[in-house]
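Position 150, counted from 1, in the sequence shown is what our numbering calls 186; the numbers after and before it change by one each time, with no gaps. Yeah, the Cβ is synthetic: ideal placement off N, Cα and C, and Gly gets one too. These numbers were taken from a predicted model, which means no experiment stands behind them.
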Amino acid sequence: MGFALSALQLTSTAFQNGSAIPQKHTGEGEDVSPALAWSDLPEGTRSLAVICHDPDAPLVTPGRYGFVHWVLYNIPADVSSIGEAVNQYTTGASDFGKPGYGGPMPPNGHGVHHYFFWLLALAVEPELEDGLNMWDLLEKVESDVIGMNRLVGTYQRD
């Protein structure tokens, strides 16, 4: 599965690309998802998906790596942002074993982890079934991804 970044833009009022994620949005804080906004969607976008993945997590299983913190999809194409602690759209399964956002909380002393908030622009209507994990979602939409980009935040526990 190969994807290329597009001109689509993804931002947050909570943190800048490459900077620290505020504790409020982590497992050590209120554990609420950050607000996200996007622009420059490719023509033909019919729905969107958001994924938060920590590739620095020391977890490797066959065909998978890292830790999935959030899977949110079936976002209509006319939506240009989601608020903090969003509870709309379809929530998939995270690696916490439950749906919804679970903020950064790497092992103590493990150093800085990078959290990739991905936005996928899809050429399909927002009609995917509930409960997909990141890997299942990516498999289902691979041929329908027409744009994507990411916002990367960092977090570290002492």
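Check whether the segment 145-152 and the segment 111-125 are in contact - that is, three or more C-beta pairs closer than 8 Å.
no
Proximity winner among 169, 46 and 89, relative to residue 75 (alpha-carbon distances):
46
CB residue 177 to CB residue 158, shorter than 8 Å?
yes
According to the neighbour-count rule (16 or more other Cβ atoms, all chains shown, within 10 Å of its Cβ), is residue 127 buried or exposed?
buried
Please classify residue 62: is it buried, with 16 or more other beta-carbons within 10 angstroms of its beta-carbon, or exposed?
buried
What residue range is occupied by the uninterrupted beta strand (DSSP E) comprising residue 160?
Unbroken run through residue 160: none, as it is neither H nor E.
Nearest-angstrom Cα distance between residue 106 and residue 87?
Annotation: residue 106 to residue 87 spans about 5 Å, alpha carbon to alpha carbon.
Out of 90, 186, 149 and 111, which has the shortest C-alpha to C-alpha gap to residue 130?
Ranking the options by Cα distance to residue 130, first place goes to 90.
Find the nearest neighbour of residue 64 within the set 140, 179 and 103, judged by alpha-carbon distance.
140
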